[in-house]
Amino acid sequence: MKAMVMNGPGGPEVLVPSELDDPRIESPHAVLVRVQAAGVNPVDTKIRSRGPMRAATGPTVLGCDGAGVVEAVGTEVTRVRPGDSVWYCSGGLGGMRGNYAQFNLVDEALIQPLPAGLPIDQGAAAPLVLITAWEALHDRAGIRPGQQVLIHGGAGGVGHVAIQLAVAAGARVATTVSSAEKADVAHRLGAECAINYREESLIEAISDWTQGRGVDIALDTVGPEVFRQTIPAMALYGDLITILDPGPDIDLSEARLRNLRISLELMLTPQLRDIGEAQARQGWILSQCAELMERGQLGIHVSESLPFTQAAEAHRQLEAGGMSGKLVLRIDP
Numbered sequence: 001m002k003a004m005v006m007n008g009p010g011g012p013e014v015l016v017p018s019e020l021d022d023p024r025i026e027s028p029h030a031v032l033v034r035v036q037a038a039g040v041n042p043v044d045t046k047i048r049s050r051g052p053m054r055a056a057t058g059p060t061v062l063g064c065d066g067a068g069v070v071e072a073v074g075t076e077v078t079r080v081r082p083g084d085s086v087w088y089c090s091g092g093l094g095g096m097r098g099n100y101a102q103f104n105l106v107d108e109a110l111i112q113p114l115p116a117g118l119p120i121d122q123g124a125a126a127p128l129v130l131i132t133a134w135e136a137l138h139d140r141a142g143i144r145p146g147q148q149v150l151i152h153g154g155a156g157g158v159g160h161v162a163i164q165l166a167v168a169a170g171a172r173v174a175t176t177v178s179s180a181e182k183a184d185v186a187h188r189l190g191a192e193c194a195i196n197y198r199e200e201s202l203i204e205a206i207s208d209w210t211q212g213r214g215v216d217i218a219l220d221t222v223g224p225e226v227f228r229q230t231i232p233a234m235a236l237y238g239d240l241i242t243i244l245d246p247g248p249d250i251d252l253s254e255a256r257l258r259n260l261r262i263s264l265e266l267m268l269t270p271q272l273r274d275i276g277e278a279q280a281r282q283g284w285i286l287s288q289c290a291e292l293m294e295r296g297q298l299g300i301h302v303s304e305s306l307p308f309t310q311a312a313e314a315h316r317q318l319e320a321g322g323m324s325g326k327l328v329l330r331i332d333p
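Each residue of the sequence shown is one higher than the last, beginning at 1 in the UniProt record's numbering.
Here's what the structure looks like:
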């Protein structure tokens, strides 16, 4: 099969085209997918620059997110069958199982039928960010109707789906953006309050929006400085979740005074630690998101689709920052 591989860490130029053996089904619960599109995520660029997250020998095929058509299934697979269109987050963490390739082997627990009417590039762009946002809002924070929620980076990959999931859960949403255009995007997604962090004070804007109370839930998708700035914007006993490492030097004294519950979210843990039950739940999360999509309550913004041979260019664009939505690689048949 054709694939884009890395033989060692480095810049985008380490991604090179290669010919690899087609994967073979060796497990009764495995699904062989002919990949049609792969999502590009920040974790891809980190693995490319630092090295695989899972120990492996030989080349690494990146790409956690994929969508395509089932080619063959193991003897005990019941959820999908050959010819079905599917989406999933699986592979891409080290070794030759990844989605920057024509085929990928996926465990049945992680795979779901593609939502009806969803274009294949949107299906490939969605799983990692959907599962991340769902786990942060539902599993970590226990989001409830009527709560006031702050989503940082509302036009970004995780941010733009987190806004929609929070609104679908009955919450009221504020978000941070970097431009008037991105504020318009956030409002269309359902955010009541869009704060341009380049022009406005986060604390003052949140205080005005919550009448001085602070937000019940905040999701940091940006990094340590934003995490620190968010603490005084929280309501007492609120939930502050980050998808990034908050750093070693953070002062949590104000968080303690507010009795905040602080959570870390990494949706890759079930794959990294081979936790079957958690992998099955992530498959269930995709099924719940599919229902929201089919009801018109959830959508995925793809900023650009590129041929998978341009994986290096996709990484350059992602690392440049400021992107709205997701990038996708289209896989040659």
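All C-beta atoms, glycine included, are put in the ideal place defined by N, C-alpha and C.
Q. Does the Cβ of Asp208 have 16 or more other Cβ atoms within 10 Å, making it buried, or fewer, making it exposed?
A. Asp208 should be labelled exposed.
Q: Take Gly91 as the anchor and find which of Gln102, Val80, Val106 and Arg81 has the nearest alpha-carbon.
A: Of Gln102, Val80, Val106 and Arg81, the residue nearest in Cα terms is Val106.
(Q) Between which two residues does the beta strand (DSSP E) holding Phe103 run? (A) Residue range Phe103 to Asp107 is occupied by the beta strand (DSSP E) that includes Phe103.
Q) Would a C-beta distance cut-off of 8 Å place Met4 and Ala311 closer than the cut-off? A) Taking 8 Å as the cut-off, the Cβ atoms of Met4 and Ala311 count as close.
**Q.** Nearest to Val215 (by Cα), restricted to the options Glu199, Tyr197, Glu225 and Cys193
**A.** For Val215, the nearest C-alpha among the options comes from Cys193.
Q) Going straight from the alpha carbon of Met53 to that of Leu93, what length do you get? A) Answer to the nearest angstrom: the Cα atoms are 5 Å apart.
Q: Have a look at Ala233 and Ile206 and give me their C-alpha separation to the nearest angstrom.
A: Using only the alpha carbons, I get a separation of about 6 Å.
Q) When DSSP labels each residue in this structure, what does Ala141 get in the three-state scheme? A) In the three-state reduction of the DSSP assignment, Ala141 falls in the coil class.
Q.
With H, G and I counted as helix, E and B as strand and the rest as coil, what does DSSP make of Leu118?
A. Three-state DSSP puts Leu118 in coil, outside helix and strand.
Q) So who's on the other strand from Tyr88, going by DSSP bridges? A) Under DSSP, the beta-bridge partners assigned to Tyr88 are Gly66 and Ile111.
Q: Can you have a look at Leu264 and say buried or exposed, based on whether 16 or more other CB atoms are within 10 angstroms of its CB?
A: Label assigned to Leu264: exposed.
Q.
Considering just the uninterrupted stretch of the beta strand (DSSP E) at Glu19, what are its terminal residues?
A. Unbroken beta strand (DSSP E) run through Glu19: Val16 to Glu19.
**Q.** Candidates Ile25, Val226 and Asp22, of which the one nearest Thr175 by Cα
**A.** Of Ile25, Val226 and Asp22, the smallest CA-CA separation from Thr175 is found for Val226.
**Q.** Cβ separation of Leu202 and Ala162, assumed to be a contact under 8 Å, to the nearest whole Å
**A.** Between Leu202 and Ala162, the beta carbon gap of about 17 Å keeps them out of contact (Cβ cut-off 8 Å).
Q. Since Ala67 and Ile25 are thought to touch, with beta carbons under 8 Å apart, how far apart are those beta carbons, to the nearest angstrom?
A. Contact between Ala67 and Ile25 is absent: CB atoms are separated by about 19 Å, not below the 8 Å threshold.
Q | Meets three-Cβ-pair contact criterion under 8 Å: the segment 114-132 and the segment 153-162 | A | Judged by Cβ distances under 8 Å, the segment 114-132 makes contact with the segment 153-162, as three or more pairs qualify.
Q: Confirm, please, whether the CB-CB distance from Ile331 to Gln36 is below 8 Å.
A: Using a Cβ distance threshold of 8 Å, Gln36 and Ile331 count as a contacting pair.
Q) Does the Cβ of Gly325 have 16 or more other Cβ atoms within 10 Å, making it buried, or fewer, making it exposed? A) Gly325 comes out buried.
**Q.** Where Met323 sits in the DSSP three-state scheme
**A.** Under the three-state reduction of DSSP, Met323 is assigned to coil, being neither helix nor strand.
(Q) My output table needs one value for Val158: the three-state DSSP class, helix, strand or coil. (A) DSSP, reduced to helix, strand and coil, places Val158 within a helical segment of the structure shown.
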